[in-house]
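Top to bottom, those sequences are chains U and Z. Residue 3 is where the first sequence starts when you use my numbering, and the numbers rise one by one after that. Residue 295 is where the second sequence starts when you use my numbering, and the numbers rise one by one after that.
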Amino acid sequence: MYVLRRLLTAIPTLFAVSLLAFWFVYMIPGDPAAKLAGNMATNDEIAAIRDHLGLDKPLIVRYGLFLKGVVDPAIATSYRTSRPVVQEISERLPNTLIVAIGGLAIGILFGIVTGVICALRQGGWFDAAVTALTLAGISMPIYWLGLLCIWLFAVTLRWLPAAGAATPAHFVLPILVVATRPAALFSRLVTANLLEVMGKDYLDTARSKGLSETHVIVRHALRNSLVAAVSVAGIQFGGMIGGSVVTETVFGIPGIGRLLVDAVTGSDYPVIQYCVLMFATIFIVVNLATDLIGQWLDPRTRSHAAA
Amino acid sequence: MTRLLSPARRMMLLAASFMLVTGLPYAAQAAPEGSIKIAVGADTTTFHPHVNSLPVGNAVDMLVFEQLFRMGADNKVVPELAKTWNWSEDGMTFTVTFETGHVFSNGDPLDAEDIAASFNQLLDPKSGSIYAGLYASLGKAEAKGADTVVFHLTEKNGHILMLLANSAAGIIDVKANTAMGAEYGRKPVGSGPYMIDQFIGGERFSLVPNPKYSGKLSAKLKKIEFMTVPEDGARMALIETGEADIVDRVPAESIGEINDTGTAKVILPDSMFSISMELLNSGPLADPRVREALNISIDRDGMIKGILGGLATPSVGMVGPGTQDELRATFPPKPFDTAKAKQLLADAGYGPDKKLSLVVTCPNGRYIKDSQVCQALAAQWQAIGIDAKPQVLDLSNWAANSRLPLDQRKDNMTMVGRATAGIDFTLYRLFKTGVSTNISGFSDPTVDKLLAEGRATSDVAEQKKIYGEIQKTIWDKNPYVFLWYQKQALGVSDKVHGFAIRPDETMIFDNVTVSSN
Numbered sequence: 003m004y005v006l007r008r009l010l011t012a013i014p015t016l017f018a019v020s021l022l023a024f025w026f027v028y029m030i031p032g033d034p035a036a037k038l039a040g041n042m043a044t045n046d047e048i049a050a051i052r053d054h055l056g057l058d059k060p061l062i063v064r065y066g067l068f069l070k071g072v073v074d075p076a077i078a079t080s081y082r083t084s085r086p087v088v089q090e091i092s093e094r095l096p097n098t099l100i101v102a103i104g105g106l107a108i109g110i111l112f113g114i115v116t117g118v119i120c121a122l123r124q125g126g127w128f129d130a131a132v133t134a135l136t137l138a139g140i141s142m143p144i145y146w147l148g149l150l151c152i153w154l155f156a157v158t159l160r161w162l163p164a165a166g167a168a169t170p171a172h173f174v175l176p177i178l179v180v181a182t183r184p185a186a187l188f189s190r191l192v193t194a195n196l197l198e199v200m201g202k203d204y205l206d207t208a209r210s211k212g213l214s215e216t217h218v219i220v221r222h223a224l225r226n227s228l229v230a231a232v233s234v235a236g237i238q239f240g241g242m243i244g245g246s247v248v249t250e251t252v253f254g255i256p257g258i259g260r261l262l263v264d265a266v267t268g269s270d271y272p273v274i275q276y277c278v279l280m281f282a283t284i285f286i287v288v289n290l291a292t293d294l295i296g297q298w299l300d301p302r303t304r305s306h307a308a309a
Numbered sequence: 295m296t297r298l299l300s301p302a303r304r305m306m307l308l309a310a311s312f313m314l315v316t317g318l319p320y321a322a323q324a325a326p327e328g329s330i331k332i333a334v335g336a337d338t339t340t341f342h343p344h345v346n347s348l349p350v351g352n353a354v355d356m357l358v359f360e361q362l363f364r365m366g367a368d369n370k371v372v373p374e375l376a377k378t379w380n381w382s383e384d385g386m387t388f389t390v391t392f393e394t395g396h397v398f399s400n401g402d403p404l405d406a407e408d409i410a411a412s413f414n415q416l417l418d419p420k421s422g423s424i425y426a427g428l429y430a431s432l433g434k435a436e437a438k439g440a441d442t443v444v445f446h447l448t449e450k451n452g453h454i455l456m457l458l459a460n461s462a463a464g465i466i467d468v469k470a471n472t473a474m475g476a477e478y479g480r481k482p483v484g485s486g487p488y489m490i491d492q493f494i495g496g497e498r499f500s501l502v503p504n505p506k507y508s509g510k511l512s513a514k515l516k517k518i519e520f521m522t523v524p525e526d527g528a529r530m531a532l533i534e535t536g537e538a539d540i541v542d543r544v545p546a547e548s549i550g551e552i553n554d555t556g557t558a559k560v561i562l563p564d565s566m567f568s569i570s571m572e573l574l575n576s577g578p579l580a581d582p583r584v585r586e587a588l589n590i591s592i593d594r595d596g597m598i599k600g601i602l603g604g605l606a607t608p609s610v611g612m613v614g615p616g617t618q619d620e621l622r623a624t625f626p627p628k629p630f631d632t633a634k635a636k637q638l639l640a641d642a643g644y645g646p647d648k649k650l651s652l653v654v655t656c657p658n659g660r661y662i663k664d665s666q667v668c669q670a671l672a673a674q675w676q677a678i679g680i681d682a683k684p685q686v687l688d689l690s691n692w693a694a695n696s697r698l699p700l701d702q703r704k705d706n707m708t709m710v711g712r713a714t715a716g717i718d719f720t721l722y723r724l725f726k727t728g729v730s731t732n733i734s735g736f737s738d739p740t741v742d743k744l745l746a747e748g749r750a751t752s753d754v755a756e757q758k759k760i761y762g763e764i765q766k767t768i769w770d771k772n773p774y775v776f777l778w779y780q781k782q783a784l785g786v787s788d789k790v791h792g793f794a795i796r797p798d799e800t801m802i803f804d805n806v807t808v809s810s811n
């Protein structure tokens, strides 16, 4: 019931997003027909292209067509390619998801492992090294880090390709680069949470049962620490999808971010609008998923959510 | 005495003669060999010649489609399928006969009906063609017999060969286009030497030889692969590591680095991209003395060296190199003379007590270092006492500003780069009184009359005289602040031979071969 209720509340949110996406794009200065026609086109030529694209229809009609396009791909077509936007998106989305999910997975793994070790070896050299690395990871811009990695791993060492998405090797650098921020955040978060709960009575109870320290941490302390980490992961995933614009441009990956940038540059309104709508849908789904995982990890929140 | 040959000998002789006539030219053409990878900065969305406007798309269109005429590496019009052509006496009909026997890559024959249908689609604004206006003077195409196409013109136009040689005039398979819809733009069906093998939007596309091609420009490479890499650093890394054989848009700061690799060199061919500050020839800039003062008070050489990293040459005429060089006129560069500029301003009534205020608009990211150029221009005009305010706009606002009616413009000039293949098209649209693309408001009755005459004549000597006069008037009247022609910069691997690029930035692969090292 809870899941159903959350899904139903998403409908008005998506409707509001559709309205905002449509109107915001409408307010972008510039004329898509003029962009397509080029800077030597006369007003009459631009008017003919505007007519062909349906840009001379009243706004309310165009909004109606935009909503209809959500269920009818034949209506929702790109101005630049005339292909259905759903086709454009479906070809690009997997690349974006590979980088985002891969980056998040590696970030979480690295963050949890280093976070646990840092909590156990507080003040040691490993803790100091991870602290330095995580600070760098949090503060380094992805764009700069990406170029640095291309210079080191592609140009100097020649271990990995510099750009593209033709082989799995092309995804290694982008995934590692986008993993830095979540890795740094998770590491700090897990360490802080573990240190906070390490002295709690329920852990002493677990220890008194004869369980090993590793067992105590992994089975009891870490599980509670992960509740906060899961909501951070949701936000990070959303950020990665949004930040795909930068990563995909640096590494020449044909993903949703690049599609969106090109659409904005080319005033390809339908692509911009449906991409925004898709991003909103992903955010809603990810939010719901993180809530559900959080409840699974912390049973205390279940009754609260059900109330 | 005539010696009779036996039927068998006669057959053998006939076969040998046939082989000599038909077989040898084909035997002389080497089989496709090797492959090449090109990394480009711009993302290609379509190869449909009626809607494609990118130089990368033009390069592909030239390989995938045949045309009646085409433009070679030297930007000169040469016949491709066309065998003979002529205008009617009244100049309102243009007839082309062409070589038959060609087929599209899907096996469909290419006949007169196909050529006419292809042009009629190009000319139909309802088809979404972005070139319908440019080609409007072609009127309507009609198939006559198997090997003739007749264009019923809407006006006399002596520049038709230029239009037919433009890659937008590539002959598409209209039937395949109708069946494939938008997908035709990604995997077009043409009769050229290559066909699209793979298209991964935003990442790469590749071409392979078209086995059904029967023309003279047969494929020399087994594969031509394009990669789209918008980030300059990543694209340059590809040529440095040998992952790409050619990269375009090399930034000035990377030229030395690529030359130092020992495996690739940067070439700097001319571009026809002519960059100017297009003035509003009204208000304070209606005074020709002020326009001249603006033109002679900037240090073009210094700006090219200091800001553009050498990737330009100072303007010597409105149209850039390669814009129909047979009709292009050049003049001595505008001098850098601040003393004379100050005097001209004083003569026009401007000085410390009455400062000339100007708003100088530039785009950001459209041309090489455009926003920096804006600041530098304003600074140089400030140095001669003008209150010049630079206004850098994002691309959308800059484009929208340029399209405003003249009486609604709040600035006095805007930076625009013009690069078109035809001199008639360029000059007519920019300087004919009242044409909506004439954003400077330039108006000169003599130029208007000459533009009409230049369009109506097909005599090249006459055209040269007319367009020479038009270009001289424009150069002398300073409707723009003429800045420079951009240079192209491409990194090319030492393995690549025979690569050429036209001034309109279209890469030519007609004679490209690759060696193993």
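All residues carry an ideal CB built from backbone N, CA and C; glycine is no exception.
Candidates the options, of which the one nearest residue i by Cα
i      : options                           : result
Z:P403 : Z:F388, Z:M365, Z:L432 and Z:E360 : Z:E360
Z:D539 : Z:E519, Z:D554, Z:E551 and Z:A528 : Z:E519
Z:L501 : Z:K516, Z:G509 and Z:K510         : Z:K516
Z:A670 : Z:I598, Z:G604, Z:F719 and Z:D718 : Z:I598
U:Y65  : U:A23, U:S269 and U:A134          : U:A23
Z:Y761 : Z:F793, Z:G785, Z:M801 and Z:F719 : Z:F719
Z:T624 : Z:G614, Z:A635, Z:L447 and Z:F630 : Z:G614
Exposed unless 16 or more other CB atoms sit within 10 angstroms - verdict on residue i
i      : result
U:Y204 : exposed
U:K37  : buried
Z:R796 : buried
U:F188 : buried
U:W298 : exposed
Z:T714 : buried
Z:H791 : exposed
U:M29  : exposed
Secondary structure of residue i, DSSP reduced to three states
i      : result
U:F128 : helix
Z:G317 : With a pLDDT of only 41 at Z:G317, under 50, the local geometry of the prediction cannot be trusted, and no value is derived from it.
U:E215 : helix
Z:L784 : strand
Z:A309 : The predicted position of Z:A309 is uncertain, since its pLDDT is 41 and thus under 50; a value taken from the coordinates is nonetheless stated next. Helix, per DSSP.
Z:D405 : coil
U:D300 : coil
U:I77  : coil
Cβ of residue i within 8 Å of any chain Z Cβ
i      : result
U:M142 : no
U:A23  : no
U:G236 : no
U:I13  : no
U:A156 : yes
U:P31  : yes
Minimum Cβ-Cβ distance from residue i to chain U less than 8 Å
i      : result
Z:P684 : no
Z:A463 : no
Z:R703 : no
Z:G495 : yes
Z:A746 : no
Z:L532 : yes
Z:V729 : yes
Z:D664 : no
Near the ligand SAM: residue i beta-carbon under 7 Å from a heavy atom
i      : result
Z:A673 : Only the bare structure without any ligand can be found here, which leaves the ligand SAM out of the picture.
Complete beta strand (DSSP E) runs within the region 727-781 of chain Z (minimum length 3 residues, chain order): 774-781
Runs of alpha helix (DSSP H) lying entirely within the region 562-643 of chain Z, each at least 4 residues, in chain order: 582-590, 594-600 and 632-641
Whole beta strand (DSSP E) elements within the region 323-367 of chain Z, 3-residue minimum: 329-334 and 363-365
Runs of beta strand (DSSP E) lying entirely within the region 416-485 of chain Z, each at least 3 residues, in chain order: 434-438 and 442-446
Complete alpha helix (DSSP H) runs within the region 103-172 of chain U (minimum length 4 residues, chain order): 127-141 and 144-151
Entirely enclosed alpha helix (DSSP H) segments - the region 177-229 of chain U, minimum 4 residues: 203-210
Alpha helix (DSSP H) runs wholly inside the region 233-292 of chain U, at least 4 long, in chain order: 258-267
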